[in-house]
Amino acid sequence: MAKIEEVKANVEKGKTKLIKGLVQEALDEGSKAEDILQAMIDSMGVVGD
Numbered sequence: 001m002a003k004i005e006e007v008k009a010n011v012e013k014g015k016t017k018l019i020k021g022l023v024q025e026a027l028d029e030g031s032k033a034e035d036i037l038q039a040m041i042d043s044m045g046v047v048g049d
């Protein structure tokens with residue numbers, strides 16, 4: 001779960017080059033793609049505000 005939070009934080013910061021690797025690490029650690037995607041969508045909502 002911590003890796004998903006890291007993905008979320010980097011989406012909010014706009015660190016696009018890091019996100020791909022972090023997503024892969026989260027998947028490798030067993031996170032569900034749906035959970036990662038939802039975290040990214042939530043982050044994009046924060047950025048949009």
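In this text, residue positions in the sequence shown follow UniProt numbering: the first is 1, and each later residue adds one.
Note that beta-carbon positions come from the ideal geometry of N, C-alpha and C, so glycine has one too.
Nearest-angstrom Cα separation, counted from residue j out to residue i
i: G45; j: T16; result: 16 Å
i: A33; j: D49; result: 25 Å
i: V47; j: E6; result: 15 Å
i: K11; j: I41; result: Per the sequence presented here, residue 11 reads as Val, with Lys not at that position. Roughly 9 Å separates the two Cα atoms.
i: G30; j: V23; result: 11 Å
i: K4; j: Q38; result: Here residue 4 is Ile; the residue named in the question, Lys, does not match the sequence. Cα to Cα, the separation comes out at about 10 Å.
i: V9; j: D28; result: Checking the sequence, you will find Ala at residue 9 rather than Val. About 19 Å.
i: K13; j: S43; result: 9 Å
i: A2; j: G21; result: 14 Å
Contact belief for residue i with residue j at Cβ below 8 Å, rounded distance in angstroms
i: I36; j: A26; result: 5 Å
Alpha helix (DSSP H) segments (min. 4 residues) lying fully within the stretch 6 to 47:
Listed in chain order, they are 16 to 28.
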